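So the protein lines, in turn, are chains A and B.
First residue of the first sequence? That's 8 in this note's numbering, and the numbers climb one at a time after it.
First residue of the second sequence? That's 8 in this note's numbering, and the numbers climb one at a time after it.
Protein chains: 2
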Amino acid sequence: MSRPGYHHGDLREGLVRAARAAVEAGGPEAVSLRELAQSLGVSTAAPYRHFRDRRALLAAVAAEGFSELVAAYKRARAQGGVPMVVMRNTARVYLALAFAQPGMFRLMFDSDILSGEPPPSLTDPAMEAWVEFCRTVSIVDPTADERTVKRRAVTGWSTLHGYVTLAQAGRLAGFMTEPLTEADLLEAILDKALTEA
Amino acid sequence: MSRPGYHHGDLREGLVRAARAAVEAGGPEAVSLRELAQSLGVSTAAPYRHFRDRRALLAAVAAEGFSELVAAYKRARAQGGVPMVVMRNTARVYLALAFAQPGMFRLMFDSDILSGEPPPSLTDPAMEAWVEFCRTVSIVDPTADERTVKRRAVTGWSTLHGYVTLAQAGRLAGFMTEPLTEADLLEAILDKALTEA
DNA sequence: TCCCAAGTGTTAGCGGCGCTTACATTGCGC
DNA sequence: GCGCAATGTAAGCGCCGCTAACACTTGGGA
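This is how it looks when you write it as structure tokens:
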């Protein structure tokens, strides 16, 4: 972390890495440009040479998250198996992201953080994630037309997303007295959401 | 809004009202205690006589939101009709809250805003909302045991919540090219989520 | 080879924020 | 009528995002 010369070397990359660490440690709101700059041994103004503002840095981190989500979706499908198993593994990918990296998850999906039109660099991987998810949905029922696939994808993703979001916001605590396992819920949710209609 | 004397009259109530207006205008992050104090013609330290910190004020606003949600749920059920119609109207209540008062909705459900253990004043109405929702779910199928009702309620609410959250975060924009109406989605979602399993 | 322009870093500072401490005023219950 | 709790104020701390003006470094063209 020491830096001999006047220039840092690759401050941009360093900022993204540090910001990501902060996001995963304390959530998006824990990212402070001043703090990051200090921890990288750089003045508080330096980050603005590489990112227009705080949101641009967060957008870069979120873009990484979406890229990795897409990659994980592809891996789940490449792993093969009965279509319904692939679908289930894909859902598990999403749940894993949400529960293993809640900070990153919130950065990617909370509405207030990246409000306004996100930069295209974010839009692209995010859209790709939809495409990948749809592809898996279409495997479950190859006869479905595109419109139906989209509807099922939105429904299924919404269910997963809503469950995760409510859980993370603590809105299920105290209500779900019987400890339904995530696997239980996943089955209950997916078997209904994606097999018919 | 003018205040002759030294004391404000009912600063607490004024703060909640102003905060709520700010939330509905610009979202929870638009609430600044200093700004609210100034707009109420009061010093910047005055709000802290009534709320421990910013989160406590937001929690009070959120509590209002939950109370009103509960009341709306009850109204939907009191309105009567075939069970499935009641269920549908209840879902509409939730969608209406989300789309007509997006700021309040985010305040109530975004995870970062009221993180940590919420004060009991918030916990209570929030839990009541679950109870009311479950009651309506149980009407659809009165033979279901409590555990099943809870599972269906969590599933259904999750689907609604996820759809709304994704929509508000702009994560559906550009993907749903065919403009499915909300009514379409509501049917697609609810008919699957709540009628069986 | 020199030199200059682009890139990258620094210093200093503006305005805003949440929150605290110490002090001032008020008005209600005794 | 008085004393005390409730409620207000002024001032200030430390943090934040962001900007403007200036300094250093480096690489590529004359």
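Think of the CB as a built atom: it goes at the ideal place given N, C-alpha and C, for glycine as much as any other residue.
The structure displayed is predicted, hence computed values, not measured ones.
DSSP state of Ala-190 (chain B) mapped onto helix, strand, coil: helix
Per-residue burial, Arg-113 (chain B) [other beta carbons within 10 Å of its own, 16 or more giving buried]: buried
Integer Cβ distance of Pro-54 (chain A) from Ile-120 (chain A), believed to fall under 8 angstroms: Rounded, the Cβ-Cβ distance is 18 angstroms, inconsistent with contact.
Within 8 angstroms, strictly: CB atoms of Leu-43 (chain B) and Ala-25 (chain B): yes
Exposure of Ser-50 (chain B), with buried meaning 16 or more beta-carbon neighbours within 10 Å: exposed
Buried or exposed by the 16-neighbour rule on C-beta atoms within 10 Å, applied to Pro-132 (chain B): buried
Three CB pairs or more closer than 8 angstroms across the stretch 160–179 of chain B and the stretch 153–172 of chain A: yes
Neighbour flag for Leu-43 (chain A) against chain B, beta carbons, 8 angstroms: no
Chain-order list of residues whose beta-carbon lies under 6 angstroms from that of Ala-103 (chain A) (same chain, five-residue window excluded): none
Top-ranked residue by Cα proximity to Ile-57 (chain B), from B:Met-111, B:Asp-17, B:Met-115 and B:Arg-99: It is His, not Ile, that sits at residue 57 (chain B) in the sequence shown. Checked all of B:Met-111, B:Asp-17, B:Met-115 and B:Arg-99; the closest Cα to His-57 (chain B) is B:Asp-17.
Spatial neighbours of Val-23 (chain B) in its chain, beta-carbon cut-off 8 angstroms, leaving aside the 5 residues before and after: Leu-64, Ala-67, Val-68 and Glu-71
Close-in-space but distant-in-sequence residues of the same chain around Lys-81 (chain A) (CB under 7 angstroms, 5 per side omitted): Glu-139
Cβ neighbour criterion (16 or more within 10 Å) applied to Thr-97 (chain B): buried
Chain A residues whose Cβ lies nearer than 8 angstroms to that of Arg-142 (chain B): In chain order: nothing, as chain A lies at least about 13 angstroms away.
Own chain residues within Cβ distance below 6 angstroms of Ala-78 (chain A), not counting five before or after: none
Chain-ordered neighbours of Thr-97 (chain B) on chain A, where CB pairs are closer than 8 angstroms: Result: empty, since nearest Cβ-Cβ is about 16 angstroms, beyond 8 angstroms.
Pair within 8 angstroms by beta-carbon distance, Met-115 (chain B) and Phe-182 (chain A): no
Proximal chain A residues relative to Glu-31 (chain B), where beta-carbon distance stays under 9 angstroms: Ordered by position in chain A, no residue passes the 9 angstroms Cβ test against Glu-31 (chain B), which lies about 14 angstroms from the chain.
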